[in-house]
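Chains as they are written, first to last, in my numbering: chain P, 1 to 304; chain H, 1001 to 1225.
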């Protein structure tokens, strides 16, 4: 890759007069030794999986194995359909679609990690709703995914994208930044505006801990995907309006690394702190463990 | 760079709920299956860190079993992989690992087949990307992002020169290489990450090098088996 930082990425774009997505596609072709057509084909397969996950989450039963989550996307979808969404129809749709994909994930359905499964709802939520609103074709959305991927590539290599390493800021935060930067490009923003969108978005999740109740990718992961999609829209709007991230995006990424590295283990996906360690969180964990023990006993009884 | 390209960020397509605890675990299981050279009859799985704390809720146990059975990350059968492992005659046991570990999501696998035993330690570093850090007691590091050749051989003068000369003749480029040995002139292991799948002729040639015990190919770029 010709870039390791957001600034280097923006510089390559400026020198060559290309959008971030075009630079990413060229570099990916070079890195993999595959043609651009082949690379686009693979990304469009991923986009098809994302759209399918949105459709499934808005239509099918997404109750998770734990029984704790599911069907919230459809609740929000109905509110939006009734014209009662406080956010408005477009942001409401992004919210419901992000919840939908996250619920499909929690119920062991098929999704695309963007960048992780815990944060798999944000990008499809933003992308599929924006596609419906602005009438963009799939080819354009695939370009957008390359732009999102370029941003994620920088964040992942300079900081982290997993909750176990850097807390939820690393997972949901990265996904929001990727969606915000990509939406900025899709709406005609400059590469530098995308970089500002990344900086603005990441600032808002800095310090967010990873505290899944019972260790499941359900509470609070699913609603954070919904919130994340809406935040990405806000970050893109700010960047497109000309709002700058005074602390450059690369430095915000560095700050995320610092914050995540200092985060106690209890707040990094171990289910030992935060919401997981509330009285209700602990009760849920206990109940899940008892249930697992019961089903293990039943299995061994069957075997005997 | 820990993350090699755009598809280690967007992707993989996978069965939920966790890229590190489910998809990454499937890939580590697949890598171990390749190292063993088939489906194990016995698998001892030790989880460390976050893997140990939360594996049940994330289906990490099912994911490891799925990988050992050769499933891809987006295979719907992952949900029932424990039952499938049982049906395939695999005795698989999960426990909490003891001692230090290199990453919050670490698994140590001890596998046995009719032919051999093998151990592998791997880490799931996020987004489904993995790192193998130990094979049969050798400290090695490879990502499974590229087709990878693992050579079990004897430490001797000229071995690497001969092996890399074979790769040159086949026109296969080496992206990275890691070597470890137990002792001077003793058992050694070389892991080579390649820019393409190694052709059969190349593997045949490497097999004839003096001191080669065994060769494994780990190619997760094609998904499952």
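In this text, a Cβ means the ideal position worked out from N, Cα and C, and glycines have one as well. As the structure is a prediction and not an experimental result, all values here were calculated from the model.
### Task
Report yes or no: is there a C-beta of chain P within less than 8 angstroms of the C-beta of residue 1096(H)?
no
### Contained alpha helix (DSSP H) runs [length at least 4] in the segment 1102-1154 of chain H, N- to C-terminal order
none
### Message
Along the segment 110-125 of chain P, where does the CB come closer than 7 angstroms to a CB of chain H? Name the residues.
### Response
110, 111, 112, 113, 114, 115, 116, 117 and 118
### Message
What does the alpha-carbon distance come out to for the pair residue 165(P) and residue 257(P)?
### Response
9 angstroms
### Task
Below 9 angstroms between beta carbons is the criterion; list the residues of the segment 1131-1160 of chain H that meet it against any residue of chain P, in chain order.
none
### Task
Can you check the segment 124-170 of chain P for any beta strand (DSSP E) of at least 3 residues that lies completely inside it and give the ranges in chain order?
none
### Query
In the DSSP assignment, what are the bridge partners of residue 1176(H)?
1193(H)
### Query
Would you call the segment 1182-1189 of chain H and the segment 1132-1144 of chain H in contact, with 3 or more CB pairs under 8 angstroms?
yes
### Task
My understanding is that residue 125(P) touches residue 225(P), with C-beta atoms under 8 angstroms, so please give their C-beta distance in whole angstroms.
7 angstroms
### Task
Measure from the alpha carbon of residue 305(P) to the alpha carbon of each residue in 199(P), 32(P) and 56(P), then state which is nearest.
The question about residue 305(P) has no answer here: the residues shown for chain P are numbered 1 through 304.
### Message
Taking the straight line between their C-alpha atoms, what separation do you get for residue 304(P) and residue 1094(H)?
### Response
Residue confidence is low: residue 304(P) scores 44 on pLDDT, short of 50, so the model does not pin down where it sits. No coordinate-derived value is stated.
### Message
For a contact defined as C-beta to C-beta under 9 angstroms, what are the partners of residue 1053(H) on chain B?
### Response
In summary, chain B is missing from the structure at hand, where the protein chains are P and H.
### Query
To the nearest whole angstrom, what separates the beta carbons of residue 76(P) and residue 44(P), a pair I think is in contact under 8 angstroms?
Actually they do not touch by this definition, with Cβ atoms about 28 angstroms apart.
### Message
Here's the rule I'm using: 16 or more other beta-carbon atoms within 10 Å means buried, otherwise exposed. How should residue 1058(H) be labelled?
### Response
buried
### Task
Say whether chain H places a C-beta atom closer than 8 angstroms to the C-beta of residue 208(P).
no
#### Entry: The alpha helix (DSSP H) enclosing residue 1064(H), as first and last residue numbers
1060-1069
### Task
Check whether the Cβ atoms of residue 1111(H) and residue 1166(H) sit closer than 8 angstroms, and answer yes or no.
no
### Query
Per DSSP, what kind of secondary structure is residue 112(P) in: helix, strand or coil?
strand
### Query
By Cβ distance below 6 angstroms, which residues in the same chain neighbour residue 50(P) in space, the five residues on each side in sequence not counted?
112 and 124
### Task
Take residue 239(P) as the anchor and find which of 100(P), 184(P) and 281(P) has the nearest alpha-carbon.
184(P)
### Message
So, with DSSP's three-state summary, where would you put residue 1217(H)?
### Response
strand
### Within chain H, partners of residue 104(P) - CB distance below 8 angstroms
1016
### Message
I want to see whether chain P comes within less than 8 angstroms of residue 1047(H), judged by CB atoms only; does it?
### Response
no
### Task
Look up residue 1046(H) in the DSSP assignment and give the residues it is bridged to.
1095(H) and 1108(H)
#### Entry: Where the alpha helix (DSSP H) containing residue 256(P) begins and where it ends
249-262
### Message
Checking 8 angstroms against the spacing of the C-beta atoms, do residue 1069(H) and residue 1039(H) come in under that value?
### Response
yes
### Query
Counting contacts by CB-CB distance shorter than 8 angstroms, is residue 99(P) in contact with chain H?
no
### Query
If you draw a straight line from the C-alpha of residue 8(P) to the C-alpha of residue 1020(H), how long is it?
29 angstroms
### Message
Runs of 4 residues minimum, wholly inside the segment 208-253 of chain P: which ones carry the alpha helix (DSSP H) assignment?
### Response
221-241
### Message
Is it buried or exposed, residue 1182(H), if we count other Cβ atoms within 10 angstroms and call 16 or more buried?
### Response
exposed
### Query
So the beta strand (DSSP E) residue 1014(H) belongs to, where does it begin and stop?
1013-1015
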